[in-house]
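Novice:
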Amino acid sequence: MADAAHQPHPLTIADYDRFVEAQHDDREWELVDGELVMMSNPTENHEQIAGNVGAPLKLAMDAAGCRSYQGGMRVQRSSDSRGKDKTKPDIVVRCGPRQNQTYVTDPLVVVEVLSPSTMDYDRGGKLKFYKSLPTLRHIALIYQDQMRVEHYERTDEGWRLDVLTAPDDVLRFDAVDFEIDLDRTYFDVPVRRPILDAD
1 MADAAHQPHP LTIADYDRFV EAQHDDREWE LVDGELVMMS NPTENHEQIA GNVGAPLKLA
61 MDAAGCRSYQ GGMRVQRSSD SRGKDKTKPD IVVRCGPRQN QTYVTDPLVV VEVLSPSTMD
121 YDRGGKLKFY KSLPTLRHIA LIYQDQMRVE HYERTDEGWR LDVLTAPDDV LRFDAVDFEI
181 DLDRTYFDVP VRRPILDAD
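Position 165 of the sequence shown, counting from 1, maps to 165 under the UniProt record's numbering, and the rest follow consecutively.
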């Protein structure tokens, strides 16, 4: 279940880093628009979906000279610790020289596998933050309980949303020349699928 820690004023990344360092348990937190949000423990379905997308994406990015990180890398706007957002996407892709930090500031692709308890943050404050990042070209929000992917792609006119719901629909990250169909995305995940016409 998502749990926001109540604080009297918006926190900065510096405040967040101090808070996380002082924790003595395994709970994971994100900073979304100055608010601490506890991340939910992932289910098997969540991890299966993340792996289904993350494994082939990593192989493709390794071959292309880019990097794909699954579950461990934070994203923030810059190294300025006064920022109000520090998130931990399920998958993040970046290109360019290795920085060897605990966060990236230049993501090209972000993938979030939605959990019911954190969906409001993922589709709210986190999405707003991601859309504001100048380098980001693709945001994919993948549902666990149904075959549904919301793909936001940055275009010259702004962000375009494509909603994918069929097994043969293809999620394309043109900025890094990668694609995967939903049948593969949801491999071995028990979700509602469209009824196919026998004719």
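The C-beta atom is built at its ideal place from N, Cα and C for all residues, glycine as well.
Give, in chain order, every unbroken run of the beta strand (DSSP E) that is at least 3 residues long and sits entirely within the stretch 99 to 158.
Specialist: 109 to 113, 138 to 142 and 149 to 155
Novice: Give me the residue from 89, 34 and 75 with the minimum Cα distance to residue 47.
Specialist: 89
Novice: Identify which residue in 54, 38 and 63 has its Cα closest to the Cα of residue 121.
Specialist: 38
Novice: Using the Cα positions of residue 145 and residue 44, report the straight-line distance between them to the nearest angstrom.
Specialist: 12 Å
Novice: Taking Cβ positions, are residue 34 and residue 84 nearer each other than 9 Å?
Specialist: yes
Novice: So, at 8 Å on beta carbons, what are the nonlocal neighbours of residue 92 in its own chain, with the 5 sequence-adjacent residues on each side left out?
Specialist: Excluding sequence neighbours, residue 92 sits near 68, 69, 73, 75, 104, 107, 109, 110 and 111.
Novice: DSSP three-state label for residue 37, please.
Specialist: Three-state result, residue 37: strand.
Novice: Helix, strand or coil for residue 57? Go by DSSP, reduced to three states.
Specialist: Note: residue 57 maps to helix in three-state DSSP.
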